[in-house]
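What follows is a single structure, written as C-alpha cells, with notes after it.
Residue numbers (UniProt numbering): 1 to 629.
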C-alpha cells in the first residue's frame, strides 16, 4: 500500500517538473516587440525648464515606430509602462518625477512597413526633499505588455433559485412582574398593580423562493493582455535637462483649463480615395468619464470622419480615421476640433489621381562601334523611356540584311533597369554594306508599341587597292619609293602587307611592310642591284588574298657588246655516214643563252676524208651563256 502511494507521489512530482519546464520555455521564448519595431523619438518638449519647489510642469513625448519585419503572431496592441526620473548632475541624487504612466499603442503594426505615431503629455513634479541643481531627465521603460487579439466571452451560467426559508417559532409571553413594596419617608402608599402579560408574536410568513435570474448577455470582447517578459528591462534614455530650485515656493496658479493642445493630420496631403489619420492632443489628461472632442468640416463631400471622438480618462490624445473620396481637382478641407468652446484647425489637401504614366517605349538604340570589318563584334544598347516592369521586358531584334550579321532574335531588359545590351558579329561581305538594325517593343503579339533603328557599316576585309613605284625606271645601284594603298584604314596595331619581286636578283626590298593604325597607305624603299643588261622586275604587294603589282625597269650603267658570261662554242653532233658535220652551239642545263651579246667564232678540228683518216678544221659560232637563277 505504501509503495502505491509512493509511486503516485513520484508521478505527481515528475508532472510538476515538466509543467515548470514548459512554462519556463514559454517565458524564455517571449520576444520583445522592439525586435520587430524600429522606434524614433522627437526631442522632448518641456513646458518650462526652470522649476521651483512644489511646481508642476509637463513634458510632451512624441515617437514613431515602423515595423521592420512581420510579427510572428497577431497582436491586439501593446502597453508600454514608463516612469520619469531626474538625476542630479553634481551629487548623483536620483528623484522620481512621475511614478508611472502607460502608453497604449493600438492598433499595433502587424506587417513589415506598417507604422504608428504616439504623443503623450506627462505631468512632472520634484519631491519636496530634492536638492537644488541641474538635473538630467530620464525616461525609464519598465514593462512591455502585448495585448492578445480580442475573443468574445462565454455567457454566464443561470443562478439557481435559493431554497425557501423556514418560519421562525413564536416567542413565549413574558411572565407578569411581582408587586413591589411602597417606600417613602413617612406614611404608606398603595401597592402597584401587576402588569398585563404581552401577547405572543406571530411567526413571520415563509419567503417565496426567488425567480431564477436570466443568463447575462455575452459581454463585449475583452482584451486580455498576453504574457509579457522583462525583455532586458528597465531601459532608459535621456530626454532633457531641468534646473531645479528648492528655495522658493511658486505662487498658486489657477488650474489650467482643459483644452486642445494640438490637432494634426497625417498625411496632410493625399490622393482622393486614400485615408488619413487625425490626432487630437489635450493640454492635460482627460478627467474622469473622459472628454468629448467635436469635429466638423465646412464641406465634407470629399471626406468622411466621425462627428466626435472621446479621449478616455487619464489619457491626453486620441486618433481617428479620415476617409476621402476621389476628386477631379485639388480640394483643401479645413477640419475643426472643438473642446470647451476652444478649437484647433488642421488642413487636409485631397488631390486628384495623377495622370497615368505614358506607355513604356524604346527611346534610343545605339551601336558601338557603328563600323566594323568582317568577323568583328559590336555592342548594341537599347534605352527605355522608363524602368522595366516586374519580370523584365523582352525586345525583338532584326536586320534588313540578316545574312550579314549574327544577331540574337530577342534581348531582355531586366526588371527595374532602363538599359539593355546585346552583342552581335558581322559576317563576310564582298563590298562595304550599311545594315539597319531594328529593335521593336511589342504591345501585343502582333502590335508594335515602339521601335528604333541604327545603322551598322560592315567593311570587307582590308585589301591592297594600289601599288605604285616612283620612279618606275632607274639605273642600277639607285633606289626608288614604292607606295602601297589599302582599301580602308588599318586597324589598331597596324596592318602588315607581304612584298615580293620577280626576278629578285636585281632589287633588294623587305618581305613585309607595316601600315600604321588608322592609315590607308604606306611607303617602302627599294634598292636596285647591278645589271649588265636592262632588266624588268615585277614588284608584288599581297593582303588577305588580294594583290597589286608594279613593273620596275633596272638599267645598266653601260650596254656591253661582249658576253660578260661564259661563251660556249658549237660542238659537232653525231653525223653518222654524212661527210659534212653538223655544228650546234648551246648552253648547259644550268645556263641560259643571252642573245643580246655575241661571242667570237671558235676554230674546231674534226676527222674527215676517206675513212676519216684526215684532220680538218673549221670556224664555228659560240653562244653567250649566263647561269640560271
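Ideal placement from N, C-alpha and C gives every residue a C-beta, glycine not left out.
Backbone CA spacing between residue i and residue j [nearest angstrom]
i, j, result
"residue 524", "residue 513", "7 Å"
"residue 84", "residue 315", "17 Å"
"residue 580", "residue 568", "21 Å"
"residue 274", "residue 87", "46 Å"
"residue 601", "residue 623", "9 Å"
"residue 528", "residue 629", "17 Å"
"residue 486", "residue 551", "19 Å"
"residue 442", "residue 408", "17 Å"
"residue 296", "residue 323", "14 Å"
"residue 38", "residue 111", "13 Å"
"residue 291", "residue 336", "16 Å"
"residue 615", "residue 588", "27 Å"
"residue 499", "residue 549", "10 Å"
"residue 466", "residue 429", "20 Å"
"residue 521", "residue 488", "9 Å"
"residue 353", "residue 298", "23 Å"
"residue 414", "residue 392", "4 Å"
"residue 64", "residue 42", "8 Å"
"residue 625", "residue 598", "10 Å"
"residue 437", "residue 400", "7 Å"
"residue 45", "residue 147", "29 Å"
"residue 480", "residue 584", "43 Å"
"residue 618", "residue 604", "5 Å"
"residue 613", "residue 586", "28 Å"
"residue 464", "residue 471", "20 Å"
"residue 379", "residue 456", "11 Å"
"residue 468", "residue 553", "13 Å"
"residue 566", "residue 592", "10 Å"
"residue 304", "residue 384", "42 Å"
"residue 144", "residue 68", "18 Å"
Per-residue DSSP class, three states only, for residue i
i, result
"residue 610", "helix"
"residue 663", "The requested residue 663 is not part of the displayed model; the chain covers only 1 to 629."
"residue 404", "helix"
"residue 428", "coil"
"residue 364", "strand"
"residue 563", "coil"
"residue 555", "strand"
"residue 600", "strand"
"residue 134", "strand"
"residue 315", "coil"
"residue 467", "strand"
"residue 320", "strand"
"residue 595", "coil"
"residue 626", "strand"
"residue 374", "coil"
"residue 310", "strand"
"residue 390", "coil"
"residue 95", "strand"
"residue 482", "strand"
"residue 504", "coil"
Beta carbon proximity, residue i to chain C, threshold 7 Å
i, result
"residue 439", "This model lacks chain C altogether; it includes just one protein chain."
Residues bridged to residue i (per DSSP)
i, result
"residue 584", "571"
"residue 421", "381"
"residue 343", "338"
"residue 82", "101, 141"
"residue 639", "Because the chain here runs from 1 to 629, residue 639 falls outside it and cannot be looked at."
"residue 644", "Since the first and last residues shown for the chain are 1 and 629, residue 644 lies out of range."
"residue 77", "147"
"residue 65", "39, 116"
"residue 414", "Looking at the DSSP assignment, residue 414 forms no beta bridge with any residue, so it has no partner."
"residue 434", "457"
"residue 46", "59"
"residue 291", "311"
"residue 53", "DSSP, once it has assigned bridges, lists no residue as partnering residue 53."
"residue 451", "440"
Exercise for the section: Report yes or no: do three or more beta-carbon pairs, one from the segment 273–283 and one from the segment 295–313, lie closer than 8 Å? Expected result: yes
Practice task
Specify whether the segment 95–104 and the segment 121–130 touch according to this definition: at least 3 beta carbon pairs, one from each stretch, less than 8 Å apart.
Solution key: Segments in contact, yes.
Practice task
Could you tell me whether the segment 418–425 touches the segment 340–349, where touching means 3 or more Cβ pairs closer than 8 Å?
Solution key: Result no; under three Cβ-Cβ pairs closer than 8 Å.
Problem - Minimum length 3: unbroken beta strand (DSSP E) runs contained in the segment 518–553 - result: 521–528, 535–543
Problem - Stretch-stretch touch, CB-based, cutoff 8 Å, three pairs: the segment 425–437 with the segment 399–407 - result: By the criterion of at least three beta-carbon pairs nearer than 8 Å, the segment 425–437 is in contact with the segment 399–407.
Practice task
Take every Cβ of the segment 354–366, pair it with every Cβ of the segment 286–301, and state whether three or more of those distances are shorter than 8 Å.
Solution key: Taking one beta carbon from each stretch, the segment 354–366 and the segment 286–301 have fewer than 3 pairs nearer than 8 Å; the two do not touch.
Exercise for the section: Check whether the segment 468–486 touches the segment 534–552, taking contact to mean three or more Cβ pairs, one atom from each stretch, closer than 8 Å. Expected result: yes
Problem - Three-pair Cβ contact test at 8 Å for the segment 235–245 versus the segment 128–136 - result: By the criterion of at least three beta-carbon pairs nearer than 8 Å, the segment 235–245 is in contact with the segment 128–136.
Problem - Three CB pairs or more closer than 8 Å across the segment 102–119 and the segment 50–57 - result: no
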